[in-house]
Amino acid sequence: MIGAATPTTAATAATVAQVVPTTGRPVVVELGPGTGSLSNGIARRLPEGARHIGIELSRELAEHLRSSKPWMHVAQGDAGDLRALLDGMGVDRADAVISSIPWSLLSGADQEHILEQVTASLRPHGAFTALTYVPAGRTSGGRQFRSRLGSTFDEVVTHTTWRSFPPILHYICRRPLHRPAQGARTAS
Ligand SMILES: C[S@@+](CC[C@H](N)C(=O)[O-])C[C@H]1O[C@@H](n2cnc3c(N)ncnc32)[C@H](O)[C@@H]1O
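Just so we're aligned, residue 1 is where the sequence shown starts under the UniProt record's numbering, counting upward by one.
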C-alpha cells in the first residue's frame, strides 16, 4: 500500500512542484500524500486562494497530515473514489493532480479505474503527474502503467530524478484524450 522505503527527497519534490499553477485560484490534488514530503513544495508555489487537497488511504497518515499541515484539506479515502470525494467537497475540476501511489503494484483494472477518475476530475488543460521508482517502472505493472498513460493523455513527458535512492521516474501528462463515464471498475 505504501510502496516506498523512504520519503521522497527534496529534489523530487522540486520537480513535482513545477506543474503547480502559480496564478489564479487553482485546485491541486495530491493522491497518496503519505507523510507529506511533497506537500510543502506544492504549497510553497500555490497562490493565495488556491485549494490543496490530499486523498490519503491510510487513516493514520491522514490524521498525521491534518495535524501537521493544517492548510491542506485532507480526505481519508481511496484515489479510486476521487470523483465522489471531490464532489463531496464541492470541487468540479482540478488544475493539477499529483500522485505518488504505488502504480506499478496495482492491477491493470485498478490502474485503469483510477486513471478514469483522474481524467474525470482534471480540467482540459490540467496536468497529471505520477511518480514511480525507476526499477518499478521496468516491472510488468510499471510498463503497463506507462502504456496506459500513453493511451489516456495526449502528451506524456518523462523526467528522471537521479538524486534520489532509488531514482524516481516522473510522468508529466497533459490533455486527457477521453472522458469515460464514471462508475464501475473495468477489466484489465
Ligand atoms: C510511496 S508513498 C508516497 C508518500 C509521499 N507522497 C512521498 O512521495 O514521499 C504512497 C502513499 O500512497 C498511499 N496510497 C496507496 N494507495 C492509495 C490509494 N488507492 N488512494 C490513496 N492513497 C493511497 C499510501 O498510503 C502512501 O501514503
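Even glycine gets a Cβ: it sits at the ideal position worked out from N, Cα and C. Computed from a prediction, not measured in an experiment: that's the story for all the values here.
Note to self: Please report the distance separating the alpha-carbon of residue 177 from that of residue 121.
What the structure shows: C-alpha of residue 177 to C-alpha of residue 121: approximately 13 Å in a straight line.
Item to complete: Helix, strand or coil for residue 48, going by three-state DSSP, please let me know.
Response: In the displayed model, residue 48 falls within coil according to three-state DSSP, outside both helix and strand.
- Task: Give the C-beta separation of residue 28 and residue 130 to the nearest angstrom, bearing in mind that I take them to be a contact with Cβ-Cβ under 8 Å.
- Result: Rounded to whole angstroms, the Cβ separation of residue 28 and residue 130 is 15 Å, and the two are not in contact under 8 Å.
Look at the alpha carbon of residue 67 and the alpha carbon of residue 114, and state the distance between them as a whole number of angstroms.
-> When rounded, the separation of the alpha-carbon atoms in residue 67 and residue 114 is 27 Å.
_residue 34 Cβ short of 7 Å to ligand 1 heavy atom set_ = Answer for residue 34: yes, Cβ within range of ligand 1.
Closer than 7 Å to a non-hydrogen atom of ligand 1 - does that hold for the CB of residue 56? Result yes, Cβ under 7 Å from ligand 1.
* To do: Would you kindly check if the distance between the Cβ of residue 65 and the Cβ of residue 36 is under 8 Å?
  => Against a cut-off of 8 Å, the Cβ pair of residue 65 and residue 36 comes out as a contact.
task: Classify residue 184 as buried or exposed, calling it buried when 16 or more other Cβ atoms lie within 10 Å of its own Cβ.
output: The predicted model places residue 184 with a pLDDT of 46, which falls under 50 and marks its position as unreliable; any figure quoted below should be read in that light. Note on residue 184: under 16 other CB atoms within 10 angstroms of its CB, so exposed under the neighbour-count rule.
For residue 102, verify whether its CB is less than 7 Å away from any heavy atom of ligand 1. Taking 7 Å as the cut-off, the C-beta of residue 102 counts as close to a heavy atom of ligand 1.
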